[in-house]
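Working notes, structure below.
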C-alpha cells in the first residue's frame, strides 16, 4: 500500500513538475523577410518557456531545469523560472548560431491561488502554492547580411 | 452514443486558424512602413497526460474543419509555415513584430491537456 501511495505522489509530482522547453522554427518566408527596413537577415524564430511551482510565491519547489547541457528535466528548490536564465539561454543559442536577436518579447504568467489542474477548485488561501511561467520569444538575425527591399532575389540576396 | 463519441473526438482534435486585420486607418507601423495586414495564427491540439497526442489542427488547411489525428501539430514550425502561406497569398515579402506564445490547459488532472500555439506578426510589402 505504501508503495502505491508513494507511486501516486511521485507520479503527481512529475505531472505537476516544471518544464523547460525551447522551440525553434524557420522557413524561407522568414529568411527572405526583413524585420526592420534594410537591416539584418532573419534566420530563425525561437520560443523559450519555463514554468514551476513556488511556496508562498517566493520559495521555489520544483521548476523546469533551464541549466545548459543538463538532461534532468526538473530543478528542485532553485528558481529557474527567471528571465535572466531564459535570456541567457536565448543569447547562448544565438551566439552558437553567430546571430543577433530581434523582436524579443517576455511574457510572464503567475497564479497565486493553487489549483489542481483540471479541477478549477482553487485553494482559498492565496500565495500558498503559486504557479510561475515565463516565455521568451525572439527572432535570430544574421548581422551584416543587409538586404535592401525591392531588390531581393529568390533567396533574399541582392 | 457513437455520435457523441465522434463529436467529442472531433471537438478535441484541434483547430488551426488564421485571423487577419487589414484596416489601419492610415496609420503606419514601425519605421513608417505601410502594412498589408496584421496576422494572428493559432493552432490547438489535445494530448493524454501531456505526452500522447490525440489530435491537432491541420496546418495545411487552416480555417477549415480539418484536423490531424494522433499527431502533435502545435509547433512553432507549423505556425511559421502557415504564416509563409498567408504571406504568399497576400503578396507580402517582409515581417515585423513577430512573436509567439504557447498556452497549456488541462482537464481531469492532466488526463487531457490542450495546447495552443499562437503567433502574431505584421506583414509588409
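Protein chains in written order, with the working numbering: chain A, 6 to 163; chain B, 6 to 130.
Glycine included, each C-beta is placed from N, C-alpha and C at the ideal position.
Using a threshold of 8 Å, state whether the C-beta atoms of residue 41 of chain B and residue 121 of chain B are closer than that. no
Could you tell me the alpha carbon to alpha carbon distance between residue 65 of chain A and residue 125 of chain A, rounded to whole angstroms? 23 Å
Taking the alpha helix (DSSP H) that residue 94 of chain B falls in, what are its first and last residues? 81–95
Which whole-angstrom value describes the C-beta separation of residue 111 of chain A and residue 131 of chain A, a residue pair presumed to lie in contact below a C-beta threshold of 8 Å? That belief does not hold up - the Cβ atoms of residue 111 of chain A and residue 131 of chain A are roughly 24 Å apart, past 8 Å.
Start-to-end residues for the beta strand (DSSP E) that takes in residue 34 of chain A: Note, residue 34 of chain A: premise wrong, no beta strand (DSSP E); alpha helix (DSSP H) at 33–36.
Terminal residues of the continuous alpha helix (DSSP H) containing residue 94 of chain A? 88–101
Reference residue 142 of chain A, options A/135, A/106, A/120, A/133, closest by Cα: A/106
Let me confirm a value: residue 94 of chain A is counted as buried when at least 16 other C-beta atoms fall within 10 Å, else exposed. Which label applies? buried
Could you spell out where the beta strand (DSSP E) holding residue 140 of chain A opens and where it closes? 134–147
Inter-stretch contact at 8 Å, needing at least 3 Cβ pairs: the stretch 88–96 of chain B / the stretch 132–140 of chain A: no
Show which residues of chain B have a CB atom less than 8 Å away from the CB atom of residue 189 of chain A. Examination of residue 189 of chain A is not possible in this model, given that chain A is present from 6 through 163 alone.
What three-state label does DSSP hand residue 107 of chain A in the structure shown? strand
Where does residue 75 of chain A sit, in a helix, a strand or coil, going by DSSP? coil
Taking only the alpha-carbon atoms, compute the straight-line gap between residue 54 of chain A and residue 20 of chain B and give it to the nearest angstrom. 22 Å
Going by CA-CA distance only, name the one from A/96, A/60, A/56 that's closest to residue 177 of chain A. Only positions 6 to 163 of chain A appear in the structure, and residue 177 of chain A is not among them; the question remains open.
If you run the structure through DSSP and keep just helix, strand and coil, what is residue 73 of chain B? strand
Would you decide whether residue 85 of chain B is buried or exposed? Buried here means 16 or more other CB atoms lie within 10 Å of its CB. buried
In chain B, which residues lie less than 7 Å from residue 28 of chain A when you measure between Cβ atoms? 80, 81
Going by alpha carbons, who is nearest to residue 33 of chain A out of A/24, A/119, A/50? A/50
Which residues does DSSP list as the beta-bridge partners of residue 131 of chain A? For residue 131 of chain A, which the question treats as bridged, DSSP gives no partner whatsoever.
I'd like to know whether the C-beta of residue 87 of chain B is nearer than 8 Å to at least one C-beta of chain A. no
Taking only heavy atoms of the ligand COA into account, decide whether any of them is closer than 7 Å to the Cβ of residue 83 of chain A. The ligand content of the structure shown is nil, which means the ligand COA is not present either.
For residue 114 of chain B, which of helix, strand or coil comes out of DSSP? coil
State the beta-bridge partners of residue 45 of chain A as determined by DSSP. Partner(s): none; residue 45 of chain A has no beta bridge.
For residue 108 of chain A, count neighbouring C-beta atoms within 10 Å of its own C-beta (all shown protein chains included) and say buried if the count is 16 or more, exposed if not. buried
For residue 10 of chain A, which of helix, strand or coil comes out of DSSP? helix
I want to verify the contact list: residues of chain B whose CB lies under 7 Å from the CB of residue 52 of chain A, in sequence order. 81, 105, 107
Under 7 Å (Cβ pairs) to chain B, residues found in the stretch 66–100 of chain A: none
Whether residue 55 of chain B touches residue 115 of chain B by CB criterion (8 Å): yes
Can you name, in chain order, every residue of its own chain whose Cβ lies under 7 Å from the Cβ of residue 64 of chain B, other than the five neighbours on each side? 21, 48, 78, 83, 86, 87
Excluding sequence positions up to five away, which residues of its chain have a Cβ less than 7 Å from the Cβ of residue 23 of chain B? 44, 46, 67, 68, 87, 91
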